[in-house]
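In what follows, a single structure is set out as structure tokens and then discussed.
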Amino acid sequence: MVREMKIDHLYLRLDGRVFEVLSDESEFAMRMPVEATCFAAKGPDRNGRYKAQIGLLRNGELHQGARRCQVEMDETQWLRFSALVAATHQARDAGPEPW
């Protein structure tokens, strides 16, 4: 099943075992296997906004290059984003399909 959403200028898409980040402002695109996809989030701030970074997992932490994939969300977007993160973790935990 494909799950996707748009936040600001980024399209976030989970297609099977691949997580993609695409931009409508540039040619930026990133494809990551779910095993190497990492999320960092904080919020809500005083205005009810959440911030999240998406990137590659490196040495157990979010790789510093993730600043390019930083988004800010309201509560409605946060709920959809949280569901997308949960689906990504579920795909990761299910493991690869055997040959």
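Per the numbering used here, residue 33 is the first one in the sequence shown, and the count goes up by one each step.
For every residue, glycine included, the Cβ atom is placed at its ideal position computed from N, Cα and C.
Leaving out the 5 sequence neighbours to the left and right, which residues in its chain are closer than 6 Å to V34 when beta-carbon positions are compared?
These residues qualify, in order along the chain: D47.
Could you name each continuous beta strand (DSSP E) segment of 3 residues or more that falls completely within the stretch 56-91, going from the start of the chain to the end?
Counting only runs of 3 or more, we get 61-65, 69-74, 82-90.
State whether the stretch 119-130 contacts the stretch 60-77, with contact taken as three or more CB pairs (one from each stretch) at a distance under 8 Å.
Counting Cβ pairs under 8 Å, three or more are found: they touch.
Would you mind sorting G80 into buried or exposed? The rule is 16 or more other CB atoms within 10 Å of its CB.
Exposed, since its Cβ has fewer than 16 Cβ neighbours within 10 Å.
On the DSSP letters alone, give me the boundaries of the beta strand (DSSP E) that R124 sits inside.
Looking at the DSSP string, R124 is not in any beta strand (DSSP E); the run it does join, the alpha helix (DSSP H), is 107-126.
By the DSSP assignment, the beta strand (DSSP E) with D40 in it spans what residues?
Run containing D40: none; DSSP gives neither H nor E here.
How close, in whole Å, do the beta carbons of V103 and D40 come, if the pair is a contact with beta carbons under 8 Å?
With a Cβ gap of about 5 Å, V103 and D40 count as contacting.
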